[in-house]
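So the sequence shown is numbered by my numbering: it starts at 30 and just counts up by one.
Ideal Cβ placement from N, Cα and C applies to all residues, glycine included.
The structure appears below as C-alpha cells.
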Amino acid sequence: MEIPSKYSAQAVENKWYDYWMSHNYFHSTPDEREPYTIVIPPPNVTGVLHMGHMLNNTIQDVLIRRARLQGKNACWVPGTDHASIATEAKVVAKLKAQGIDKNDLSREDFLEHAWEWTEEYGGVILEQLKKLGCSCDWDRTKFTMDDDMSEAVIKVFVDLHNKGLIYRGYRMVNWDPEAKTTLSDEEVIHVEKQGLLYYLEYKIEGSDEKLTIATTRPETIFGDTAICINPTDERFTHLKGKKAIVPICGRVIPIIEDEYVDIEFGTGCLKVTPAHDENDKVLGDKHNLEVVDIFNDDASLNSFGMHFEGQDRFVVRKAVAKELEASGVIIKTENHINKVGTSERTKAVIEPRLSDQWFLKMEDLAKPAIDAVLKTGEVKLFPKKFENTYRHWMENIRDWNISRQLLWGQQIPAYFYGDGKEDYVVAENIEDAVKLARVKANNQELTAESLRQDTDALDTWFSSWLWPMSVFDGIRNPENEEIKYYYPTNDLVTGPDILFFWVARMIVAGYEYRGERPFENVYLTGLVRDKQRRKMSKSLGNSPDALKLIEEYSADGVRVGLLLSSAAGNDLMFDEALCQQGKGFSNKIWNAFNLTNLWDVDENIEQPNSSKIALEWYEARFQKVLVEIEDHFSKYRLSDALMAIYKLIYDDFCGWMLEMVKPAYQQPIDAVTYNKVMSIFEENLKIIHPFMPFLTEEIWQSIKERSPEEALIIAKWPKAKPINETLISEFDFASEVITGIRNIRTQKNIAFKDAIGFSVVNNENVNSTFDEVISKLGNLDNFEYVTAPVEGALTYRVKSNEYFIPMEGSIDVEAEIAKLTEELNYTEGFLKSVQKKLSNERFVAGAPEQVVASEKKKEADALAKIETIKSSLASLK
C-alpha cells in the first residue's frame, strides 16, 4: 500500500475525528457490558482551552479510550458550567461598552442578554477539545443551566429546606464589591499585603483625656459604635461607663468592657465596628450595639461617610488619614503586613458585610463523605497525600452560604408574601408556592401576583455538586435506567484546587441523594507551570496558545508531551521541547511503519532462526511491559505507563526488533516473519492508542483495509500471557555483546559492510540462543567459542565473558598499540591520583560518605579499564 514518506498530522487528525464521529464510536447507551463512566469537570461556558484543560482532558481521554479497548461500555459525559460570577461579569462589561447599565434592566431583559452571550461564546471550549482528540459522548453534552439541570437544582433546594437543612440567616458574609455578591469562605483567598497600622486618638467625652486605638482601616471609623477595654486592665478602670467621641463624624459612643480584648495586644483598646468585622459583630450583639453600615455594594462610602460619600474605600483611606493627620488625631503609623481576603474570581479585596443570606447546614451532611474517603476507602484520592487536605477541610466545615446577589443562575425558589422575615414559602414552582403561602398565611386570596420570588441566585457550585447525578437525570427521576446503569461513575479527573469546592461537595450530594459514592477514584492533577515554576497565566504571558501547539506539534505530540512529565498531583513544568519529543515519537512510529511497508514478502523462503528468536523475545518483552502498564494504570501513574510504552516501542521495537528481523539490502522477507511483525505492530498500536489516537488509527487503517467494526478505537486490548523471563534475560546480555561490537567498529572505523571474525571465552556459560542474532547485527563472518585469549585481537568484556575481534588487515596494529599504550598511561596516572586520595586518612575520615564512595567507584572502574587495555595490548603484541 502506498503511504506518504512523511507523517502529515493535520490531514490525519481531521479525517479520523470525522470518521469516529460519523460512526458514533463515542456514544454510549446502557447494554449488557460493564459500564465505565467519567463526567467531565465542566469548564466555564465562556472559557477557552488552556494548558490545564489540555492536561486534564488528555488524562480523561486516555482513561476512556483504554476502557473502550478493554470492551467496557465507555461513557464520557461532556458539558459546561454557567459560571455565574465570571459570566455575569462578562455580560455586564459587554453591556457597559454598549452604554447599558445592568441596574436599568429587568431580570428578564438581563437574562436575555446573558443567553445571547452564552449562545455566541458558549461551547467554544468543547469544540476545541475535539481538536485534542477527546472522545466524549457529545450527544450527552450538558449545561448547568439546561432546563432539566435547573429543575434538579431547585428540587434539591426545596428538599433540603423541607428537611430543615437550608435556612435564612442575617450573618456577616464575604462581600465581593466588584461582582457585587457574597462568596463562601472557600472562595476567599487570603493574600499577604503590605499596609500601615494607624494609631488614632479618640477624645473622652467631657474630659481632656484621650484613648489611643490602633487600626489598619481608618476609613471604618464612620461605622464605630463603641470602644472596648478589658475589665481587668487597670490602665482604663477609670473610664468605665464613660463615652468617647469618634473623630471627624463626632459620634458619641460608649466605652464597653469585655474580656475578649487582649491586654497585651496593641494599645489594649479596641474600636468596635459591628457592620464590618465578624468579631466586632459578635461583640456588638453581646452588648446591644448599634450597627452602622458605611458601604454601598461597590464598597464606596454611603451617606454615613459624610463628605466622602460616593468615594471608593481605598481612596477614602488615604483621604481620611490625611484629614486625621492634619487634625492631630494620628499620632504615628507603622508598616504592617496583613492577610487580606480577596475574591478567587475577581481578585477584589473582600468586604465583611451583614446581609440576609441562605445557608446550608453542612456538619451532618459531611459525615458520610468524611467516612468514604478517610475510613472506608470507598472513594480513593490519587495521590493519597491529599487526604490530609480533605480531612482538614471536611472536619472544620462551616455552613455553606449558597445565595449570590446575581441574576445569572438558578433563582432561589423562595416566595415572599408579606413583610416579615418569616413570611415566605419554598416551592419548586409558583403554583405550589401559592398553595403553601395560602396555608401558611391563612389567606386564601393570595395569588401568583401577590408573591415575590427571592431575587438572589444560587451559588454555581450548588448546581455542579449534583453533576454526576443530574447529567443522568438522577435527581428528577431517581429510578431511571441510565442513573442505575452509569452511576456511580468510575474515575474523576480534576485539580486539587477544587477538592473542597467541587469534589467533596459531590461526595456529600452523592450520599445524600443516592446513598452511595458518586465516583470510585479521584485523580488529582498538578498545576501546569512554566520552566521557572511560575503558574501559567494570561497576565504573565507564559501560557502558550493551546491550539497553536496542536497545529505545530500535532494533537498526539502535545498529548505525549504533557503526559511524559505529569505525575499525579505533582505540578508539570511545561516545556515545548516535550511536545517536540512527542512529535518526534510520532515520526519514529511512522518511519517504522514505512520501513515494514517497503519490504517485499516472499512466501517461498524459510524463516531465519534469528528472526524466530527475535520475535519470541519481543513477545516476552511486550508481555512484561503489559504487566507494568497495568500496574501503573491501577495506581493512576499515567506518566509512568506512557514512558514504559514509549521505551518499549522506541527502544525495543524500533531500535532492536526491527533491526533483528529486517532483510538484507534489496532482499525479501519471509512471510512468517512479516506477518508476525505486523501482528506485533498492531498490538503496539493498541497500547499506545489511548495516548496517541490519531497516528495509531491512521497506521492501523493503512496496514490493511478494515470495516468500521474493525477500527482501532474499538479493537481489543491485548491479553496477558506467560512471560519468558529467561529469554528477556538472555537478550539483555546479548544486547551488551552487540553494543560492544558496534563500539569497536565505531572506534576503529570498521565499516559495517565489512564482515569480521568473533570469538568468545564463555566464562559465564551463556546460552547460545542469540548467537545468530549477534552474528547478524554484528555482521560476523564467524562466531566461535574458545578457551583461551585470541592473539592479535581487540577485546572487551561483558561480565566475566571475554570477546575477541581479530584485527588482521583491519587496522594499523602499531598505531593501535601506541594509542592503547597512551590510554593505559593516562588511566594508570588517574588511578594513582585516586588511590593517593583514598590513602589519606584525614580525607577518608572527614569527607561525606557519598564522596568517599564515589572515589572508590572511580578506583574500581580504573582498575577494570586497565585490565581490559592490557589484555588488548597483549593480544596485539
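Tell me, please, which residues DSSP counts as bridged to residue i.
i, result
"GLU739", "Looking at the DSSP assignment, GLU739 forms no beta bridge with any residue, so it has no partner."
"THR362", "TYR227"
"GLY198", "GLN386"
"LEU823", "ILE834"
"PHE548", "THR518"
"LYS171", "GLY108"
"CYS298", "ILE258"
"ARG481", "PHE445"
Nearest by alpha-carbon distance to residue i: which of the options is it?
i, options, result
"LEU902", "GLU852, ILE742, ASN471", "GLU852"
"SER492", "TYR228, ARG420, VAL182", "VAL182"
"ILE709", "ALA744, PHE651, ALA763", "PHE651"
"ALA115", "ARG94, ASP133, PRO72, ILE88", "PRO72"
"LEU667", "GLY590, GLU510, LYS101, GLN696", "GLY590"
"TYR227", "LYS300, MET178, PRO59, GLY524", "LYS300"
"ILE426", "VAL551, GLU460, LYS390", "LYS390"
"GLU541", "TYR665, ASN417, LYS409, ASP393", "ASP393"
"MET672", "ASP574, LEU655, LEU687, ASP326", "LEU655"
"GLN157", "LEU576, ASN364, GLN440, VAL91", "LEU576"
"ARG433", "TRP387, ASP461, LEU403, ALA398", "TRP387"
"LEU338", "ILE323, GLU352, ASN509", "Position check: residue 338 holds Glu in this sequence, whereas Leu was assumed. It is ILE323 whose Cα lies nearest to the Cα of GLU338."
"LYS513", "ARG546, PRO442, THR405", "ARG546"
"HIS365", "GLY279, GLU870, GLU221, MET80", "GLU221"
"GLU451", "GLN440, ALA466, ALA143, GLY684", "ALA466"
"LEU225", "SER332, LEU353, LEU124, LYS361", "LYS361"
"GLU5", "TYR647, GLU149, TYR516", "Residue numbering for the chain in the displayed model covers 30 to 906; residue 5 lies beyond these limits and cannot be assessed."
"ILE767", "ALA348, GLY807, GLU801, LYS887", "GLY807"
"LEU495", "VAL68, SER51, TRP45", "VAL68"
"GLU31", "PHE781, LYS564, PHE622, GLY313", "PHE622"
"VAL408", "ARG374, GLU549, LEU161", "GLU549"
Closer than 7 angstroms by C-beta to residue i: which residues in its own chain qualify, once you throw out the five before and the five after it? Chain order, please.
i, result
"GLU793", "LYS828, SER829, ASN830"
"ALA649", "ILE752, ASN753, LEU756, ILE757"
"GLU908", "Beyond the ends of the chain as shown, which are 30 and 906, falls residue 908; an answer cannot be given."
"VAL706", "THR625, VAL690"
"GLU765", "VAL827"
"GLU632", "ALA700"
"PHE799", "ILE642, GLU759, PHE760, ALA763"
With H, G and I counted as helix, E and B as strand and the rest as coil, what does DSSP make of residue i?
i, result
"MET498", "helix"
"GLN730", "helix"
"MET686", "helix"
"PRO397", "helix"
"GLN879", "helix"
"MET602", "strand"
"ILE256", "strand"
"ARG563", "coil"
"LEU92", "helix"
"LEU240", "strand"
"ILE779", "coil"
"ASN317", "coil"
"ASP428", "coil"
"GLU380", "strand"
"SER37", "coil"
"GLY81", "helix"
"ASP574", "coil"
Once the 5 residues before and after residue i are set aside, which same chain residues still bring their CB inside 8 angstroms of it?
i, result
"LYS239", "GLU230, TYR231, LYS232, ILE233"
"ASP600", "GLY555, LEU556, VAL557, ARG558, ARG562"
Excluding the five sequence neighbours on either side, which residues of its own chain have a C-beta within less than 6 angstroms of the C-beta of residue i, listed in chain order?
i, result
"PRO916", "Within the shown structure, residues of the chain are numbered from 30 to 906, placing residue 916 beyond reach of any answer."
"TYR65", "ALA96, LYS101, ALA103, ASN519"
"ALA328", "PRO206, ARG342, GLU380"
"GLY295", "ALA243"
"LYS887", "VAL863"
Exercise. Between the stretch 493-506 and the stretch 473-481, do at least 3 Cβ pairs fall closer than 8 angstroms?
Worked result: In this structure the stretch 493-506 does not touch the stretch 473-481; the number of beta carbon pairs closer than 8 angstroms is below three.
Exercise. Is the number of C-beta pairs between the stretch 97-108 and the stretch 168-176 that are closer than 8 angstroms three or more?
Worked result: The stretch 97-108, when compared against the stretch 168-176, does touch it at the 8 angstroms Cβ threshold.
Exercise. Just checking, does the stretch 405-420 make contact with the stretch 343-358 on the three C-beta pairs under 8 angstroms criterion?
Worked result: Under the Cβ criterion (8 angstroms, minimum of three pairs), the stretch 405-420 does not count as touching the stretch 343-358.
For this session: Could you say if the stretch 380-399 and the stretch 302-309 meet the contact criterion of at least three C-beta pairs nearer than 8 angstroms?
Result: Output reads yes: the stretch 302-309 touches the stretch 380-399.
Exercise. Between the stretch 761-772 and the stretch 74-82, do three or more beta carbon pairs fall short of 8 angstroms?
Worked result: As far as the Cβ criterion goes, the stretch 761-772 does not touch the stretch 74-82, which means the pair count is below three.
For this session: Would you check if there are 3 or more beta carbon pairs closer than 8 angstroms linking the stretch 597-615 to the stretch 570-587?
Result: With contact defined as three or more Cβ pairs closer than 8 angstroms, the stretch 597-615 and the stretch 570-587 are in contact.
Exercise. Between the stretch 115-134 and the stretch 433-445, are three or more C-beta pairs nearer than 8 angstroms?
Worked result: Touching, yes, given that three or more Cβ pairs across the two stretches are closer than 8 angstroms.
Exercise. Are at least three pairs of beta-carbons, each pair with one atom in the stretch 887-897 and one in the stretch 849-864, less than 8 angstroms apart?
Worked result: Judged by Cβ distances under 8 angstroms, the stretch 887-897 makes contact with the stretch 849-864, as three or more pairs qualify.
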